[in-house]
Every structure is written in structure tokens, then in C-alpha cells.
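Protein chains in written order, with our numbering: chain A, 1 to 492; chain S, 1 to 233. Glycine included, every Cβ here is placed at the ideal spot set by N, Cα and C. Here the structure is laid out as C-alpha cells; the discussion comes afterwards.
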Amino acid sequence: MASLENDQDTILRSSIDRSLRHPVMFFFTSGAAWLAVAILLGIVSSAKVHSPDFLSHCPWLTYGRVFAAHESALVYGWGCQAAFGMIIWLMARLSRQACRNAGIILTAGHLWNLVISLGVIGILAGGGSGMPWMEMPTFTWFPMLLIYIAIVIGSMVQFKLRPSGHTYVSQWYLMAALIWFPWFFASSNLLVRGFDGSPLGATGVNAWFHSAMLLMLFAPVGIGMAYYLVPKVLGRPVYNYSLSLIGFWALAIIAPWAGLQKLAGVPVPNFLPYLGAFATILFAIPAAVAGINLLKTAVGDLDTVNKSPTLRFTVWGLVFLMVFAFASVMLNLPSVLKLTQFTISGYGYDVLGIYGFFSFIAFGAIYFIVPRVTRREWLSRRLITSHFFLSLYAVGGIAVITLFGGLMQGVGAENLTAAWEDAASRVQPYAVFTTVAWCFLLVSNLFFFLHLTLMWLRLGRRSSHPTLLTHEHATSPHGPEGDIDNAGPAVH
Amino acid sequence: MNFRTFAIGLTASFGLAWLAVVVVPFFKMRDIAPVAFQEGIDPQSGIYHPKTSGRVVNGYQVYAENGCYQCHTQVVRPTYAGNDLGRADFAGIKDDPDRGDTRRESNPFDYKGLDYAPVGVSRNGPDLMNYGRRLLRAHPTDAEQYLYRRLYNPRFDPAVSWSNCPSLPFLFEKKEIMGQKSDHAVEGKVKEGFEIIPGPKARALASYLMSLQHDDAVPASMNYAPAPTNPEG
């Protein structure tokens, strides 16, 4: 009986994977292409900080536009698409239903790429709105909202029709992100672009939106995915399951208040920046709960963590989550906030959140999901290892250097005995480092994109031995050899 | 946890914060009550009515679309939040021959006329809240001409050769010289008989930047650091 059930289970899982093959591969591959675009724009913009005459004659490549395009490509081109791919796959798997609207999702995915392309070209052509993270021209936001609904509506239906019984914590995280994103995205854009408010009111909503993208879209999707991957690949239960639910509710209660700390000292009602700073500090609680809970699960079997591409990325993503939580506390202490409020450390914080924490978990998820939906194994251990080490050092470097550089910049600005030149020139060495690090990330992402494209073309290995980061043919952490879909004892 | 508890919990936790820090403040801030000068305390009387001149709306458009806000802020924070009042000329003029110490914090009226307050992201460049005032002080007779030359090449002035501000040559136009040279022509590589003059966008941007003079006297009730030159305050 048990083996019959096991077989049915395997058939169900592979039918879910097959139903999602095209949309999931589309989101991951086009997301990786956008990541390459974002990195190229990041190199150009960072180079301009220390060499301002680099490519300065072309209006399309002036610093302000390139930097805005870099952030938009990173957030909406890569980040959102990686999140979409993870959401639709994980929700289908956990709700145990094949996808019934793959065609709609795929069409919507193409449209998303079209709108983001127009938006990024719009910024470069001089149509930017001037609002950080909302720079894409006004015509983009409403189509983005509709496309988003077309992509995820199926996942919400799947959740509604899930088999009765236990609902895993990842599903709550994904459902929360699915509800929060349209709520804050639509209301922020509507208030800022559609209503005639006060200029400072619009700036406040924009600051809140920026924080919400990080804490209420990327954080829940990343954490939810990690709650699936770590126990799944290790075949071990979560260290403390009830703690994971506490972490979820802590995030739900704290995250919506964060964001307005960007307006400390700006003439808005005083409680807004204070609440924002306090909530951002408190964000360390849900982040640390998820991070510690999953790292505790992982330390039980570090050998597997080291061999599995999925777990290497995911576990380091969780380490970055802990650093992100630490930075949330440090940057928002009143004495530090006044130093770092208007410095490059804000950028370092964003990179740490998107590229350190979220993208590492997304890479981990991609290394897990792609062999399952394409039914091929990753081609090269070396490509994965190069991707991992280059990303780890470069992202870690950018985060540390910009956070620290921002602090130094702030100390320079507060030093009234020195001329402004002193504060301004403090940015230079950190910018040089950032340019070099983005170059490393470009190489790293080219490896990744090449590998992913080969997989998309179904040129992966026709084997049932998963590609592991080890030299010997060890026993597979993905379960007994010969069955790609058997990922060890099911956790739930 | 079932879906019902989840939905109620999520709506309540998000909705409360959403109302409290986003929706209600946004609509509350729409109508700022006018502030009056008080007799006996302020040297002036009547309602505080900040004046701005210049092409604020068009100029801000150019400022926004070229991403000036990525490196320049526009806010003078109170001392608890930062040392902007102490930084030379950020907040006003410390020793203006006519008006004394004009330094003050920003107030909501400073962003009048805009749809979005360009508070900014990072201070890779200096704050611009009183940039127009600074320029006029440093270059009393040719502030606008100096500004055009800075926009065309931010490093032309040996005093700021360290600047990493991007140049904006694409806002300027090449034009054949007909008779006299144009007023605002800037130096640059150009054929004999031609000159480089600011285009419409450069003119709008310069006009906006010149309008950034937010150090007028505010009612004492709004001024948290009254200048010592105000004997009654």
C-alpha cells in the first residue's frame, strides 16, 4: 500500500512540474536575463560615481537615468520575475494541484517583460518620474497590476482548493505576499500618481512603498521558499515549527509600519519617521526567527548543505537575511540614522536585501526547481561553483563596503570643520570597489544565465543523478538514485 | 490556523498600519493650515506666504527625469536629525549683510508647487535647498552664467575640480553665431563661428535651481531655532 501511495505521489508531483514547465522556465530565464541587464547598468552607474566623464555625452547614459534603470531592472525585471516563478511552482506543489492556466501565465509573463522593457527604456529616454523605485513612467503601473493578477490568480485558486488538513507555513508566507503586493502596489501608485496630494505626502508614500517592496514582497517570498527548501532537501523537519508561525505573524504585524524613517527630519508629522525606524528595527525579529529556525535545521547536516547547490545558496541566503536584519537595526538607531540617512548605505541595504538575501534563495530555488520541471540535470558542477563563489564574495563585498562607506560618508558630512569636498570625496573608494564587484557579478551571472539557458533548451543531462558539488559519487541527498522526483522523505 | 483567521489577521495587521501611516497622513497633509506672523513676536505681520519665482514645475521635471535626486537632497533637517543647520550655506546664509543669519529648517511650504517633494536619496553631492541663494552670494553678478557653465561641465571651476557631478551637455545646443555672441554661451569644443548655448531644458533647470532659496523669515511659531538676530524671539 505504502509503495502504491508513494507512486501516486510521485506521479502527482511530476504532473504538477510538467504543467508548470513553460511558465516557470520563462520567469527564471527572462529574470536571469534582466539580472544581467541590471548588472550591466549597475557597472555603468557605479563607474560614473568615480569617473563622472565616462560615457557622459549620451543623454540616455547620464548617471541619474542609468542608476534608476539599474534599480528598476533589478527589482521588477529580476526580483519580481524570480518571485513569480517561485510562487506559482511552490503554491502548486504545496496545494498539490497541477496548473490549469499555464497559457495565461505564459502570456502574462511576456506582457510583464514588455511593460518592464518599455518602463526601463522610458527611464533611459528621459521619462523617469523622479520617485525612487517608482521611476518607471506612469503608464506602466496599471498594466503591471493587471498582469500580476493574471499570473498569480491561479495560485490563489489552488490555495483555496487545497486538500484539507495541514497548511504548511510556506503557504501562509506566499499567500501573505500575494495579498500584500497588489494592496501596497496599487494604493501607493494610485495615491502618488493619481491623487492631488501634498508633495510631502507623496514622498512619504513613496518611502513606504520602497520599504514594502523589500519587507512585504521579497522577504515573505524568500522566507517562504527557504522554509520549503531546507527541510525538503535535508529530509529533516523544521527545527521548531511553532516558532515559524510566530515569525510569520511578527512579520505581518511589523512590516507594514516600516519605511517612513527615510523622512527623518523632513517636515512631516513627527511620529511617522519614528514609527518607521522602530518598525524597521523590529523587522529583525521575524527575520531572525526565520533565519535561526532554518539555520538550526541546516546545521544538523552540514555535509549535505555543502554538497547540494540548492542548499548552499539557500543557507547563505539565510545568512544574508541575518545580516540584513542586523543592518535594519544598526542603520535605524537614532544616532546612526542621522549619519546614514542620506548616504550610499541605503543602496547597500537594498542590495543586501535583494541580491544577498532574496536572490540567493531564488538561486537555490532555481537549482532545485529547474531539474524537476525540465526533467534534466544541471550540466556542470563547475559552473554552479563559479556562480556561487563569485556571487557570494561580490554581493557580500558590495553590502559591507556600501554600508560602511555610507557610515564614513555620514561622518564626513557631520564634520563641520571640514569642507564639503571632504564628505563628497569619501564616496570615491567605495564606488571603485562597487564597480569591481559588479563586474565580478556580471561574470557570475553570465555563467548562471548560460547554464539556465541550456537547461531551458532541454540540453541538461539525461540522468537521474542530481548534480552535486562533490567529486565522488556520494549517496544522493535528493533521495535514492534513479528517481528524480523522489526528494527524500516528504516533510509534509 | 485556518484561512479565516489568516485573512482577518492579515487584513487587520496590514490595514491598521496602512491607514495610520499611509492613507490618513497623505490626506491630512493635503491641506496645510496657513500660519500667521504674530504681533509682538515676529517683526512682520499677516499670513506667512512663501514666495518662489522661476520655472519650478518645468525645471523640476528636468531635475527628476535626469535623476538629480539620486545624489542631491533638498531638506534641511532639525538638529536632532542631522547637522544640516551647521553646514556652511546649506540652510541659508550665516552672515547675510542685510538679513543677518537666515538659516532655518525646512517647512512644508518649501515644496509648494510640486507634486512630489524631492527630498532625495543620498548626499553624494551637497544639499540643494538653498542652492540658488549660495550661487547668488558667490557670484552676485553672473550667477546664471556660472550655473550654465557648471551644468555643461561641473569641473570647469578649479575650486570644484574634484566634483563627480555628471555633466549635462545634451541639454545644450550648438548654434551658429549671428552677429554678437549669445548671453549665456558656454565654453566648449565647437567649430569656428559656432557657439554652445543652453537649450530649453537647461534654461528650465537653471531657473528651478535658482529658485531654491528657502531661507526666508518664517513665523516664530514655526521656527524651532529662532535666529539670535530676532530680538523679540
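Original post:
Would D215 (chain S) count as contacting chain A if we go by Cβ distances under 9 Å?
Top reply: So, not an interface residue.
Original post:
Does DSSP put D31 (chain S) in a helix, in a strand, or in coil?
Top reply: For D31 (chain S), the secondary structure class from DSSP, reduced to helix, strand or coil, is coil.
**OP:** Determine whether the Cβ of W200 (chain A) lies closer than 9 Å to any Cβ atom of chain S.
**Re:** Note on identity: in this sequence residue 200 (chain A) is Leu, with Trp being the wrong assignment. Under the Cβ distance rule, L200 (chain A) counts among the residues neighbouring chain S, one pair being separated by less than 9 Å.
**OP:** Tell me, please, whether the CB atom of G59 (chain A) is closer than 9 Å to any CB atom in chain S?
**Re:** The question names Gly, but residue 59 (chain A) in the sequence shown is Pro. So yes, P59 (chain A) belongs to the interface.
Subject >> Selection from A:Y349, A:S345, A:N6 and A:V336 that minimises the alpha carbon distance to M322 (chain A) >> reply: Selected option, being the one with the closest Cα: A:Y349.
Original post:
Can you tell me where the alpha helix (DSSP H) with F139 (chain A) in it begins and where it stops?
Top reply: Taken as a continuous stretch (DSSP letters only), F139 (chain A) belongs to no alpha helix (DSSP H), as it is neither H nor E.
Original post:
Would I47 (chain S) be called buried (16 or more neighbouring beta carbons within 10 Å of its own) or exposed?
Top reply: With fewer than 16 other Cβ atoms inside 10 Å of its own Cβ, I47 (chain S) counts as exposed.
**OP:** Out of A:G31, A:I398 and A:F360, state which residue places its alpha-carbon closest to the alpha-carbon of A226 (chain A).
**Re:** Comparing Cα-Cα distances from A226 (chain A) to each of A:G31, A:I398 and A:F360, the minimum goes to A:F360.
**OP:** Indicate the three-state DSSP secondary structure (helix, strand or coil) for A88 (chain S) in the structure shown.
**Re:** A88 (chain S): coil per DSSP, three-state reduction.
Original post:
Should D110 (chain S) go down as buried or exposed, given a rule of 16 or more other Cβ atoms within 10 Å for buried?
Top reply: By the 10 Å Cβ count, D110 (chain S) comes out buried.
**OP:** Quick one: grab the DSSP three-state call for S19 (chain A).
**Re:** It is helical.
Subject >> Neighbourhood of V329 (chain A) by C-beta distance below 6 Å, restricted to the same chain and skipping five residues each side >> reply: Here the set comprises I281 and A284.
Original post:
Would C58 (chain A) be called buried (16 or more neighbouring beta carbons within 10 Å of its own) or exposed?
Top reply: By the Cβ-count criterion, C58 (chain A) is exposed, with fewer than 16 other Cβ atoms from all chains shown falling within 10 Å of its own Cβ.
Original post:
How about H50 (chain A): is its C-beta nearer than 9 Å to some C-beta of chain S?
Top reply: Yes, H50 (chain A) lies at the interface with chain S (some Cβ there is under 9 Å from its Cβ).
Original post:
Using a C-beta to C-beta distance shorter than 9 Å, which residues of chain S count as neighbours of W180 (chain A)?
Top reply: By Cβ distance, chain S contributes L10 and F14.
Original post:
Is there at least one Cβ from chain S nearer than 9 Å to I149 (chain A)'s Cβ?
Top reply: Taking 9 Å as the CB threshold, I149 (chain A) stays off the interface with chain S.
Original post:
Going by other Cβ atoms of all chains shown within 10 Å of its Cβ, with 16 needed for buried, is K201 (chain S) buried or exposed?
Top reply: When all chains shown are included, K201 (chain S) counts as buried.
Original post:
Which two residues bound the contiguous alpha helix (DSSP H) that contains I116 (chain A)?
Top reply: Unbroken alpha helix (DSSP H) run through I116 (chain A): A102 to G122.
Original post:
For F90 (chain S), does the count of other Cβ atoms within 10 angstroms reach 16, so buried, or fall short, so exposed?
Top reply: F90 (chain S) comes out buried.
Subject >> Residue-level contact to chain S via CB, H492 (chain A), 9 Å cutoff >> reply: Note that H492 (chain A) scores 41 on pLDDT, short of 50, meaning its location in the model is unreliable; the coordinates nonetheless yield the value given after this. Chain S contact via Cβ: absent.
Subject >> Contact list for the region 129–144 of chain S against chain A, Cβ threshold 9 Å >> reply: Those would be none; no residue qualifies.
Original post:
Does the Cβ of M1 (chain S) have 16 or more other Cβ atoms within 10 Å, making it buried, or fewer, making it exposed?
Top reply: By the 16-neighbour rule on beta-carbons within 10 angstroms, M1 (chain S) is exposed.
Original post:
Checking contacts by CB at 9 Å: is R30 (chain S) closer than that to chain A?
Top reply: R30 (chain S) counts as touching chain A.
**OP:** Go through its chain and collect everything with a Cβ distance to T470 (chain A)'s Cβ below 7 Å, but skip five positions before and after it.
**Re:** If we look at T470 (chain A) and ignore the five residues flanking it on each side, its Cβ neighbours are K307.
**OP:** Please check if any C-beta of chain A sits within less than 9 Å of the C-beta of D110 (chain S).
**Re:** Answer yes: the Cβ-Cβ gap between D110 (chain S) and chain A drops below 9 Å somewhere.
**OP:** Could you check if N6 (chain A) is buried or exposed, using at least 16 other CB atoms within 10 Å of its CB as the buried criterion?
**Re:** Result: exposed.
Subject >> Chain-ordered chain S contacts of F139 (chain A) [CB-CB under 9 Å] >> reply: Within chain S, no residue comes near F139 (chain A); the closest Cβ sits about 15 Å away, beyond 9 Å.
Subject >> Interface positions of the region 239–262 of chain A facing chain S (Cβ-Cβ less than 8 Å), listed along the chain >> reply: Close to chain S, meaning a Cβ-Cβ distance shorter than 8 Å, are the following residues of the region 239–262 of chain A: L245, W249, A252, I253, P256, W257, G259, L260 and K262.
**OP:** Would you check if the region 141–161 of chain A and the region 62–71 of chain A touch, i.e. whether three or more CB-CB distances between them fall below 8 Å?
**Re:** Too few Cβ pairs lie closer than 8 Å, so no.
Subject >> Sequence-distant residues of its chain with Cβ nearer than 7 Å to S13 (chain S) (five each side left out) >> reply: Same-chain partners within the cutoff: there are none.
Subject >> Beta carbon of L352 (chain A) nearer than 9 Å to that of T340 (chain A) >> reply: Taking a C-beta distance under 9 Å as the contact criterion, L352 (chain A) and T340 (chain A) do not qualify as a contact pair.
**OP:** Can you give me the start and stop residues for the beta strand (DSSP E) that F172 (chain S) sits inside?
**Re:** For F172 (chain S), the uninterrupted beta strand (DSSP E) run begins and ends at F172 to E176, by DSSP.
Original post:
Excluding the five sequence neighbours on either side, which residues of its own chain have a C-beta within less than 7 Å of the C-beta of A47 (chain A), listed in chain order?
Top reply: Once the five neighbours on either side are set aside, the close Cβ partners of A47 (chain A) are F54 and T435.
**OP:** Give the single residue among S:L147, S:P140, S:A36 and S:R77 whose Cα lies nearest to the Cα of A204 (chain S).
**Re:** Looking at the Cα atoms, S:L147 is the closest of the given residues.
Subject >> Same chain, Cβ closer than 6 Å to A536 (chain A), five either side skipped, listed in chain order >> reply: Any property of residue 536 (chain A) remains undetermined from this structure, which presents chain A solely from 1 to 492.
Original post:
Can you tell me the Cα-Cα spacing of P132 (chain A) and N124 (chain S), whole angstroms?
Top reply: So the alpha carbons of these two residues sit roughly 16 Å apart.
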